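Number of protein chains: 2
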Amino acid sequence: MKTTFLDACRCKPVEETPVWLMRQAGRYLPQYMAVRSRCTFLQLCKTPELAAEVTIQPVDFLGVDAAILFSDILTPVEPMGMRLDFVPGPVFENPVGSMSDVKRLRIPHIEQDLPYVIETIKILRRELDGKVPLIGFGGAPFTLACYMVEGKGSKDFARTKRMMYSAPDVFTALMEKVTTMSIEYLNAQIRGGAQCIQIFDTWGGMLSPADYAGYVLPHTSRLINGLDRVNTPVIHFVKGSAGMLDVVKRAGGDVIGLDWHLDLGRARDIIGGSMGVQGNLDPTVLYAPESVIEREVRRILDENAGRPGHIFNLGHGILPDIPPENARFMVDCVHRLSRKKSLAERG
Amino acid sequence: MKTTFLDACRCKPVEETPVWLMRQAGRYLPQYMAVRSRCTFLQLCKTPELAAEVTIQPVDFLGVDAAILFSDILTPVEPMGMRLDFVPGPVFENPVGSMSDVKRLRIPHIEQDLPYVIETIKILRRELDGKVPLIGFGGAPFTLACYMVEGKGSKDFARTKRMMYSAPDVFTALMEKVTTMSIEYLNAQIRGGAQCIQIFDTWGGMLSPADYAGYVLPHTSRLINGLDRVNTPVIHFVKGSAGMLDVVKRAGGDVIGLDWHLDLGRARDIIGGSMGVQGNLDPTVLYAPESVIEREVRRILDENAGRPGHIFNLGHGILPDIPPENARFMVDCVHRLSRKKSLAERG
Numbered sequence: 051m052k053t054t055f056l057d058a059c060r061c062k063p064v065e066e067t068p069v070w071l072m073r074q075a076g077r078y079l080p081q082y083m084a085v086r087s088r089c090t091f092l093q094l095c096k097t098p099e100l101a102a103e104v105t106i107q108p109v110d111f112l113g114v115d116a117a118i119l120f121s122d123i124l125t126p127v128e129p130m131g132m133r134l135d136f137v138p139g140p141v142f143e144n145p146v147g148s149m150s151d152v153k154r155l156r157i158p159h160i161e162q163d164l165p166y167v168i169e170t171i172k173i174l175r176r177e178l179d180g181k182v183p184l185i186g187f188g189g190a191p192f193t194l195a196c197y198m199v200e201g202k203g204s205k206d207f208a209r210t211k212r213m214m215y216s217a218p219d220v221f222t223a224l225m226e227k228v229t230t231m232s233i234e235y236l237n238a239q240i241r242g243g244a245q246c247i248q249i250f251d252t253w254g255g256m257l258s259p260a261d262y263a264g265y266v267l268p269h270t271s272r273l274i275n276g277l278d279r280v281n282t283p284v285i286h287f288v289k290g291s292a293g294m295l296d297v298v299k300r301a302g303g304d305v306i307g308l309d310w311h312l313d314l315g316r317a318r319d320i321i322g323g324s325m326g327v328q329g330n331l332d333p334t335v336l337y338a339p340e341s342v343i344e345r346e347v348r349r350i351l352d353e354n355a356g357r358p359g360h361i362f363n364l365g366h367g368i369l370p371d372i373p374p375e376n377a378r379f380m381v382d383c384v385h386r387l388s389r390k391k392s393l394a395e396r397g
Numbered sequence: 051m052k053t054t055f056l057d058a059c060r061c062k063p064v065e066e067t068p069v070w071l072m073r074q075a076g077r078y079l080p081q082y083m084a085v086r087s088r089c090t091f092l093q094l095c096k097t098p099e100l101a102a103e104v105t106i107q108p109v110d111f112l113g114v115d116a117a118i119l120f121s122d123i124l125t126p127v128e129p130m131g132m133r134l135d136f137v138p139g140p141v142f143e144n145p146v147g148s149m150s151d152v153k154r155l156r157i158p159h160i161e162q163d164l165p166y167v168i169e170t171i172k173i174l175r176r177e178l179d180g181k182v183p184l185i186g187f188g189g190a191p192f193t194l195a196c197y198m199v200e201g202k203g204s205k206d207f208a209r210t211k212r213m214m215y216s217a218p219d220v221f222t223a224l225m226e227k228v229t230t231m232s233i234e235y236l237n238a239q240i241r242g243g244a245q246c247i248q249i250f251d252t253w254g255g256m257l258s259p260a261d262y263a264g265y266v267l268p269h270t271s272r273l274i275n276g277l278d279r280v281n282t283p284v285i286h287f288v289k290g291s292a293g294m295l296d297v298v299k300r301a302g303g304d305v306i307g308l309d310w311h312l313d314l315g316r317a318r319d320i321i322g323g324s325m326g327v328q329g330n331l332d333p334t335v336l337y338a339p340e341s342v343i344e345r346e347v348r349r350i351l352d353e354n355a356g357r358p359g360h361i362f363n364l365g366h367g368i369l370p371d372i373p374p375e376n377a378r379f380m381v382d383c384v385h386r387l388s389r390k391k392s393l394a395e396r397g
């Protein structure tokens with residue numbers, strides 16, 4: 051197996067910088083659209099053979115160093131008793147607003163309620179056959195709670211923040227239940243064969259550092275510490291956290307995911323040498339000509355300055371109208387430039 | 051005149067921390083809605099008596115320490131040759147896509163093309179009668195260019211970034227023209243009587259620090275240095291800049307505006323003692339009960355730790371469904387707690 055990705059997660063030195071792309075299995079790939087045209091998004095998530103097929107597509111096409119399970123962060127929330135639909139964005143028909151709503155939520159039995167997720171992981175481990183490691187994933191408690199309270203995406207998450215400030219007991223009860231579910235869900239992924247876990251906190255960065263520390267950190271920290279991490283590194287990505295990496299770091303884990311709103315070198319200085327970082331190319335750079343893509347990849351590798359424990363990635367998911375060959379060129383640049391760099395440093 | 055606001059802009063010590071709210075003249079106020087119901091948004095911007103009326107409303111109701119001209123950042127872009135409509139968000143019917151589009155743009159003669167802006171300022175200086183100072187404002191070149199290229203708001207500003215990366219000559223020509231216009235526009239506001247200028251860069255934080263430094267900073271810097279700042283301090287607010295304050299600082303000006311995504315004390319450490327800061331309460335805190343509002347105001351004042359040069363504000367515009375009395379309570383908290391603090395420190 052190509053081990054650069056898992057080695058980098060453990061801050062071990064590697065021959066070339068490993069790279070994958072958030073949302074690498076997705077709409078920008080014609081081969082994905084071909085599968086997707088035959089079913090709904092939810093059917094795709096729930097049909098192990100199809101979910102495995104689209105998971106592998108970018109590994110073959112892009113040459114990335116890790117596969118990531120195709121699923122949605124809201125998948126495990128549905129069997130808690132939330133009615134989920136995609137129109138096309140995710141919508142819950144029965145958002146959570148009160149303590150009795152929280153009490154009604156149940157903790158799913160993962161293997162029974164979400165058998166397709168575990169089955170997809172098993173197929174993938176077989177089909178990847180040790181080629182590259184498989185990343186499992188889940189939403190961070192705060193991001194899941196946001197969707198459950200708002201019922202859908204939001205600009206300022208007014209309902210969630212109102213609950214947080216005005217009914218902290220309800221908010222805390224919800225966060226605790228979601229965290230417990232997430233621990234069971236992600237440990238089931240690890241038992242099924244996931245070799246790394248990424249936690250996505252898409253909305254944690256909507257909060258001030260003080261509110262993040264008070265309302266979110268204890269729950270994410272419990273989640274990360276509740277995972278069976280002996281052989282499975284954990285990547286923690288909080289979008290919009292450039293101004294509070296020191297707080298995010300306290301949640302634990304092995305690697306901190308970075309968006310593109312700060313210098314990667316400075317991020318490493320804040321986070322310290324014992325944790326890795328993942329990132330952090332602006333996804334829109336993939337619209338640019340090859341010369342600009344190469345320049346930006348080089349800049350980020352230079353900012354890292356050869357420190358072990360860097361996984362290259364975008365700072366957010368790949369956009370749906372990116373030319374696939376630009377994504378492939380970027381992956382190639384990361385490998386080529388980092389290998390040259392590591393040779394030069396040894397030489 | 052109450053001078054705390056202008057004194058704080060110059061980092062002079064003050065008896066109590068001055069405070070105003072971005073978008074303080076707006077939809078959350080019933081008295082604003084009463085005026086707005088009689089005309090369109092553009093008519094309101096272009097009718098000096100009405101624009102002045104809604105500018106003064108929050109000064110009377112909230113007790114803030116500064117008034118800010120009621121207008122829109124796109125107002126001066128229209129006479130450059132861009133057809134503007136609000137539906138209800140701003141839309142340009144003829145977005146900029148090529149060098150010939152840029153060449154067609156003209157630099158307005160402010161007093162002739164935008165007489166209503168200058169007239170509004172003159173009415174306001176008369177009616178405010180020295181009660182509180184009047185802030186004029188404009189959009190930063192990058193934010194204006196984004197709107198001109200996209201034709202409307204956007205999630206990822208793909209058209210603008212494509213132009214920036216793929217046609218840097220067109221992008222630069224556009225930025226230069228917008229900057230020249232902005233210098234003339236804001237100096238006309240100063241001549242008309244504006245006592246402070248705030249530059250809003252709503253979208254600068256969409257860029258990586260490296261791209262901001264390369265593509266935006268030279269233009270914003272030229273704008274700030276082109277203003278007649280002898281008696282008129284300049285506040286520069288780049289939303290989403292928590293991870294690149296050291297870069298933003300290089301653009302110059304007297305005060306840096308902060309959103310709520312970083313600790314105000316840390317921001318001051320990065321920016322240094324020679325510039326002031328403005329911010330940085332999460333706007334959604336105004337949904338919270340009074341006890342939480344007071345706690346959060348106190349936290350921010352504590353983070354500032356009595357350093358001169360702090361103007362209290364929200365980290366972004368006030369939201370349209372905030373109860374007006376909560377905003378007034380917040381303003382009162384800032385005055386009461388900072389005055390107590392400053393007494394305690396002297397004592």
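Protein chains in written order, with our numbering: chain A, 51 to 397; chain B, 51 to 397.
For every residue, glycine included, the Cβ atom is placed at its ideal position computed from N, Cα and C.
Values in this document were obtained by computation on a predicted structure and should not be read as measured data.
Where residue i falls: helix, strand or coil (DSSP)
| i | result |
| --- | --- |
| valine 280 of chain B | coil |
| phenylalanine 362 of chain B | strand |
| glutamine 74 of chain A | coil |
| aspartate 135 of chain B | strand |
| leucine 184 of chain A | strand |
| valine 64 of chain B | coil |
| valine 342 of chain A | helix |
| phenylalanine 287 of chain B | strand |
| alanine 117 of chain A | strand |
| valine 220 of chain A | helix |
| valine 69 of chain B | strand |
| serine 148 of chain B | coil |
| aspartate 296 of chain B | helix |
| phenylalanine 55 of chain B | helix |
Per-residue contacts from residue i into chain A (C-beta, under 9 Å)
| i | result |
| --- | --- |
| alanine 338 of chain B | Lys211, Arg212, Met214, Tyr215 and Ser216 |
| histidine 286 of chain B | Neighbours of histidine 286 of chain B on chain A: none; closest Cβ ~17 Å, over 9 Å. |
| leucine 369 of chain B | Asp206 and Ala208 |
Straight-line gap, residue i to residue j (C-alpha atoms, nearest Å)
| i | j | result |
| --- | --- | --- |
| phenylalanine 192 of chain B | isoleucine 274 of chain B | 13 Å |
| valine 127 of chain A | glycine 303 of chain B | 48 Å |
| isoleucine 173 of chain B | leucine 387 of chain B | 34 Å |
| tryptophan 70 of chain B | alanine 117 of chain B | 8 Å |
| glutamate 226 of chain A | proline 68 of chain A | 35 Å |
| leucine 257 of chain B | proline 373 of chain A | 21 Å |
| methionine 294 of chain B | alanine 301 of chain A | 23 Å |
| glycine 131 of chain B | alanine 377 of chain A | 38 Å |
| cysteine 196 of chain B | threonine 270 of chain B | 14 Å |
| glycine 365 of chain B | glycine 329 of chain A | 27 Å |
| serine 150 of chain B | glutamate 200 of chain B | 16 Å |
| threonine 54 of chain A | lysine 62 of chain A | 9 Å |
| glutamate 346 of chain B | aspartate 57 of chain B | 24 Å |
7 Å Cβ cutoff, residue i in contact with chain A
| i | result |
| --- | --- |
| arginine 349 of chain B | yes |
| proline 259 of chain B | yes |
| aspartate 382 of chain B | no |
| alanine 208 of chain B | yes |
The beta strand (DSSP E) enclosing residue i, as first and last residue numbers
| i | result |
| --- | --- |
| proline 42 of chain A | No information on residue 42 of chain A is available, as it lies outside the stretch 51 to 397 that chain A covers here. |
| glutamine 248 of chain B | 246–251 |
| isoleucine 306 of chain B | 305–307 |
Residue i: first and last residue of the uninterrupted alpha helix (DSSP H) it sits in
| i | result |
| --- | --- |
| glycine 329 of chain B | Premise fails: glycine 329 of chain B lies in the beta strand (DSSP E), 326–331, not in any alpha helix (DSSP H). |
| phenylalanine 192 of chain B | 191–200 |
| serine 258 of chain A | Taken as a continuous stretch (DSSP letters only), serine 258 of chain A belongs to no alpha helix (DSSP H), as it is neither H nor E. |
| valine 316 of chain B | Here residue 316 of chain B turns out to be arginine, not valine, going by the sequence shown. Looking at the DSSP string, the run of the alpha helix (DSSP H) that includes arginine 316 of chain B is 314–321. |
| glutamate 177 of chain A | 165–178 |
7 Å Cβ cut-off: residues of chain A touching residue i
| i | result |
| --- | --- |
| alanine 292 of chain B | Ala292 and Gly293 |
| tryptophan 310 of chain B | Ser258 |
| aspartate 313 of chain B | Pro259 |
Any C-beta of chain B under 7 Å from that of residue i
| i | result |
| --- | --- |
| valine 342 of chain A | yes |
Cross-chain neighbours of residue i in chain B, by beta carbon under 9 Å
| i | result |
| --- | --- |
| valine 335 of chain A | Lys211, Tyr215, Ser258 and Asp261 |
Contact list for residue i against chain B, beta-carbon separation under 8 Å
| i | result |
| --- | --- |
| aspartate 332 of chain A | Lys211, Leu257, Ser258 and Asp261 |
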